[in-house]
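Residues in the sequence shown are numbered consecutively from 5, following the numbering used here.
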Amino acid sequence: MGAASTVISTFDQRRFFDKALSYGVAQGFITPERCTIIQADLAKGIVQIANYFGTAYLRPDLELALIRTVNLISLYLEDLSKGDIHIAAQSLQNNTLLSHSKKGADLLRNIAGLAQNTLLIKSGGISLDEQQSYLNIMSSQERISWPQYQADLREGQLLQSKIDLGFWLAKKLKLASDDICDAESLILSSMLMLYAMGNDEKPLRRADYDRYIKIAKKKTSTLNAEHLAAFFKAAPATIQTSAQVEMNVFIQNELPKIKTGNQHVESYYLRGGHNEISLYDQGIADNWQRLTGLDSDSETLATLLLFSACELPFKAAMLKREAIAITQYVRDHGFNASAITQFIDNNVPMSQREEINDFWQNDLKAEAEAALANKDPQYPDLYMERALRYLQQRCNAKWKGRA
Numbered sequence: 005m006g007a008a009s010t011v012i013s014t015f016d017q018r019r020f021f022d023k024a025l026s027y028g029v030a031q032g033f034i035t036p037e038r039c040t041i042i043q044a045d046l047a048k049g050i051v052q053i054a055n056y057f058g059t060a061y062l063r064p065d066l067e068l069a070l071i072r073t074v075n076l077i078s079l080y081l082e083d084l085s086k087g088d089i090h091i092a093a094q095s096l097q098n099n100t101l102l103s104h105s106k107k108g109a110d111l112l113r114n115i116a117g118l119a120q121n122t123l124l125i126k127s128g129g130i131s132l133d134e135q136q137s138y139l140n141i142m143s144s145q146e147r148i149s150w151p152q153y154q155a156d157l158r159e160g161q162l163l164q165s166k167i168d169l170g171f172w173l174a175k176k177l178k179l180a181s182d183d184i185c186d187a188e189s190l191i192l193s194s195m196l197m198l199y200a201m202g203n204d205e206k207p208l209r210r211a212d213y214d215r216y217i218k219i220a221k222k223k224t225s226t227l228n229a230e231h232l233a234a235f236f237k238a239a240p241a242t243i244q245t246s247a248q249v250e251m252n253v254f255i256q257n258e259l260p261k262i263k264t265g266n267q268h269v270e271s272y273y274l275r276g277g278h279n280e281i282s283l284y285d286q287g288i289a290d291n292w293q294r295l296t297g298l299d300s301d302s303e304t305l306a307t308l309l310l311f312s313a314c315e316l317p318f319k320a321a322m323l324k325r326e327a328i329a330i331t332q333y334v335r336d337h338g339f340n341a342s343a344i345t346q347f348i349d350n351n352v353p354m355s356q357r358e359e360i361n362d363f364w365q366n367d368l369k370a371e372a373e374a375a376l377a378n379k380d381p382q383y384p385d386l387y388m389e390r391a392l393r394y395l396q397q398r399c400n401a402k403w404k405g406r407a
């Protein structure tokens with residue numbers, strides 16, 4: 005029955021709750037009495053969700069609450085049953101509708117709380133406001149994609165495993181608590197060291213990196229599994245598993261680059277930096293890496309520059325309420341030239357200042373001014389829909405769905 009009911013579900017385009025309920029009724033194991041209870045539970049759940057996100061006294065809020073409720077129930081049923089409509093229908097027969105919607109909301113809260121990057125920074129986790137904002141956006145979509153939920157969950161879990169391994173390595177290698185470090189770069193340095201039979205008790209310096217690269221380049225170089233296991237002997241089983249996965253990734257992806265001389269030193273965490281620079285410049289470089297991560301992609305740069313030009317606390321990701329604040333600032337004041345100059349001088353490494361100033365002056369500034377303004381009476385944007393859509397596409401936006 006499982007395979008057949010999954011096939012039925014695949015070709016049925018209704019939301020999963022609708023499909024499961026219809027299937028259960030048609031098969032006769034969701035009784036008329038149970039349908040009456042489900043109907044009452046659905047009405048109760050709609051009112052509760054309308055009050056949670058707004059009010060149950062306005063029709064638009066109630067209509068949106070219906071969409072939210074069905075979305076949450078559908079997500080949980082599809083995740084519980086792994087797409088098997090028969091199992092989902094049995095759950096509707098045996099459990100309350102309110103428990104289904106609550107567990108669907110919990111699935112989304114879990115996604116919202118997962119890691120967004122691999123920086124090794126102790127934090128208190130996602131705030132309740134950010135959690136509710138994510139739940140608000142996701143539950144109000146036309147439908148929630150279960151495959152996308154699974155993909156987001158896998159990505160968040162992968163980032164978390166890297167962070168856990170990174171913190172373990174930071175402790176093992178006696179990394180100072182105030183050092184700014186990305187887990188991926190520290191892991192990469194550690195895998196290089198271990199592949200080259202090193203046993204360092206501190207993060208690599210540039211000289212160590214050069215020495216281990218030469219060893220790894222040799223045709224006869226190979227992984228000593230016992231050496232790897234010994235280094236992680238005292239680690240929890242989950243860390244040992246993550247370390248083996250990361251070593252496999254290193255051998256598959258990074259080692260071929262090393263063999264041909266195409267590896268990038270900037271991808272590795274090196275104590276003292278990648279080049280000999282002053283302590284002041286090193287501090288700026290470390291802080292810039294903390295702000296941007298390793299890639300410094302255009303979305304992250306645009307986010308930092310727009311925050312700074314609007315005299316807002318700068319960071320590498322933008323929430324919807326911050327996008328609204330940026331738009332309002334530009335419409336009220338325009339960009340603050342001195343603020344952007346101060347940001348570049350105080351936060352960008354000397355070697356990148358000219359390039360980033362050029363990016364601001366000749367690319368982002370005029371484009372953003374035009375996109376965020378509301379000056380054309382033939383093309384009004386009173387509710388900021390066009391501006392928010394631009395920021396969502398141009399920046400490292402942390403809200404989903406339509407702007």
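Heads up, the beta-carbon is just placed ideally off N, CA and C, and yes, glycines get one too. Note that the coordinates shown come from a computational prediction; the quantities given were computed from them, not determined experimentally.
Hey, could you find the ends of the alpha helix (DSSP H) Phe254 is sitting in? Numbered from its first residue, the sequence shown carries residue 254 at position 250. Looking at the DSSP string, Phe254 is not in any alpha helix (DSSP H), and its letter there is neither H nor E.
Between the Cα of Thr307 and those of Ser355, Gln256, Leu395 and Pro207, spot the shortest distance and give me the residue it belongs to. The residue you call residue 307 lines up with position 303 of the sequence shown. Comparing Cα positions, the closest option is Leu395.
Looking at Met201 and Leu208, is the spacing between their C-beta atoms short of 8 Å? Mapped onto the sequence shown, residue 208 falls at position 204. Mapped onto the sequence shown, residue 201 falls at position 197. Against a cut-off of 8 Å, the Cβ pair of Met201 and Leu208 comes out as no contact.
What is the rounded straight-line gap between the Cα of Glu188 and the Cα of Ala247? As a working mapping, residue 188 is identified with position 184 in the sequence shown. As a working mapping, residue 247 is identified with position 243 in the sequence shown. Approximately 12 Å between the Cα atoms of the pair.
Taking 8 Å as the CB-CB cut-off, is Ala44 touching chain C? Included in the structure is just one protein chain, with no chain C present.
Check whether the Cβ atoms of Ala24 and Leu112 sit closer than 8 Å, and answer yes or no. Taking the sequence shown and counting its residues from 1, the one referred to as residue 24 is at position 20. Taking the sequence shown and counting its residues from 1, the one referred to as residue 112 is at position 108. No, the pair does not count as a contact, with Cβ atoms beyond the cut-off.
Unbroken alpha helix (DSSP H) run spanning Asp156, endpoints: Within the sequence shown, the letter at position 152 stands for residue 156. For Asp156, the enclosing alpha helix (DSSP H) begins and ends at Trp150 to Lys176.
Rounded separation between Ala211 and Gly277 - CA only: As a working mapping, residue 211 is identified with position 207 in the sequence shown. As a working mapping, residue 277 is identified with position 273 in the sequence shown. If you draw a straight line from the Cα of Ala211 to the Cα of Gly277, it is about 11 Å long.
Considering only C-alpha positions, which residue in the set Glu250, Gln154, Gln97 and Thr226 is nearest to Ile167? For the purposes of this step, residue 167 is taken as the residue at position 163 of the sequence shown. Considering only alpha carbons, the answer is Glu250.
Tell whether a beta-carbon distance below 8 Å holds between Gln164 and Ala92. Position 160 of the sequence shown, counted from the first residue, corresponds to residue 164. Position 88 of the sequence shown, counted from the first residue, corresponds to residue 92. Not in contact: Gln164 and Ala92 (Cβ atoms no closer than 8 Å).
If you check the beta carbons only, do Leu376 and Ala391 fall under 8 Å apart? Stepping through the sequence shown from its first residue, residue 376 is reached at position 372. Stepping through the sequence shown from its first residue, residue 391 is reached at position 387. If you check the CB distance, Leu376 and Ala391 come in under 8 Å.
Terminal residues of the alpha helix (DSSP H) in which Ile115 lies: As a position in the sequence shown, residue 115 is number 111, starting the count at 1. Judged by DSSP secondary structure, Ile115 falls within the alpha helix (DSSP H) whose first and last residues are Leu101 to Ala116.
Rounding to the nearest angstrom, what Cα-Cα distance links Trp172 and Asp83 in this structure? Numbered from 1 along the sequence shown, position 168 holds the residue referred to as residue 172. Numbered from 1 along the sequence shown, position 79 holds the residue referred to as residue 83. Each residue's CA atom was taken as its position, placing Trp172 and Asp83 some 32 Å apart.
When the Cα atoms are used, what is the spatial distance from Lys261 to Ala234? Within the sequence shown, numbered from 1, the residue matching residue 261 stands at position 257. Within the sequence shown, numbered from 1, the residue matching residue 234 stands at position 230. The straight-line gap from Cα to Cα measures roughly 26 Å.
Let me know if Val74 comes out buried or exposed under the rule of 16 or more other beta-carbons within 10 Å of its beta-carbon. Here residue 74 is taken as the residue at index 70 of the sequence shown, counted from 1. Buried is the label assigned to Val74, since at least 16 other Cβ atoms lie within 10 Å of its Cβ.
Given that a residue counts as buried once 16 or more other Cβ atoms are within 10 Å of its Cβ, and exposed if not, what is Val269? Numbered from 1 along the sequence shown, position 265 holds the residue referred to as residue 269. Label assigned to Val269: exposed.
Beta-carbon proximity of Ile328 to Cys314, cut-off 8 Å: Numbered from its first residue, the sequence shown carries residue 328 at position 324. Numbered from its first residue, the sequence shown carries residue 314 at position 310. With a cutoff of 8 Å on beta-carbon distance, Ile328 and Cys314 are scored as not near each other.
Buried/exposed call for Thr264, threshold 16 Cβ in 10 Å: For the purposes of this step, residue 264 is taken as the residue at position 260 of the sequence shown. Answer is exposed; the Cβ neighbour count stays below 16.
Sorted by chain position, which residues of the same chain lie with C-beta nearer than 6 Å to Val334's C-beta, five sequence neighbours on each side aside? Taking the first residue of the sequence shown as 1, we reach residue 334 at position 330. These residues qualify, in order along the chain: Leu376.
Mapping the DSSP letters down to three states, classify Glu389 as helix, strand or coil. If you number the sequence shown from 1, residue 389 lands on position 385. In the structure shown, Glu389 sits in a helix (DSSP, three-state: H, G or I).
Beta-carbon separation of Gly117 and Gln135 under 8 Å? Here residue 117 is taken as the residue at index 113 of the sequence shown, counted from 1. Here residue 135 is taken as the residue at index 131 of the sequence shown, counted from 1. Cβ atoms of Gly117 and Gln135: closer than 8 Å.
Would Glu326 and Leu316 be called neighbours here (beta carbons separated by less than 8 Å)? The residue you call residue 326 lines up with position 322 of the sequence shown. The residue you call residue 316 lines up with position 312 of the sequence shown. Contact: yes.
Ala54 and Leu46 closer than 8 Å at C-beta: Residue 54 sits at position 50 when you count from the first residue of the sequence shown. Residue 46 sits at position 42 when you count from the first residue of the sequence shown. Contact: no.
Report the option in Leu102, Lys86 and Gly287 whose CA atom is closest to the CA atom of Gln154. For the purposes of this step, residue 154 is taken as the residue at position 150 of the sequence shown. Ranking the options by Cα distance to Gln154, first place goes to Lys86.
Specify, as a first and last residue, the run of the alpha helix (DSSP H) that His231 falls within. Here residue 231 refers to the residue found at position 227 when the sequence shown is read from its first residue. Start and end: Ala229 to Phe235.
When the Cα of Ile42 is compared with those of Asn228, Asn98, Phe20 and Leu192, which residue comes out closest? The residue you call residue 42 lines up with position 38 of the sequence shown. Taking only the C-alpha atoms, the option nearest Ile42 is Asn98.
If distances are taken between C-alpha atoms only, which option among Val29, Phe21, Gly28 and Ser26 comes closest to Ser105? In the sequence shown, the residue the question calls residue 105 occupies position 101. Comparing Cα-Cα distances from Ser105 to each of Val29, Phe21, Gly28 and Ser26, the minimum goes to Phe21.
In whole angstroms, what is the alpha-carbon distance linking Asn140 and Tyr56? Within the sequence shown, residue 140 is the residue found at index 136, counting from 1. Within the sequence shown, residue 56 is the residue found at index 52, counting from 1. If you take the alpha carbons of Asn140 and Tyr56, they lie about 10 Å apart.
If we ignore side chains and look at the alpha-carbon of each, how far apart do Lys324 and Asp133 end up? Numbered from 1 along the sequence shown, position 320 holds the residue referred to as residue 324. Numbered from 1 along the sequence shown, position 129 holds the residue referred to as residue 133. Cα-Cα distance, rounded: 12 Å.
Hey, how far is the Cα of Gln346 from the Cα of Leu309? Locating residue 346 in the sequence shown gives position 342, counting from the first residue. Locating residue 309 in the sequence shown gives position 305, counting from the first residue. The straight-line gap from Cα to Cα measures roughly 11 Å.
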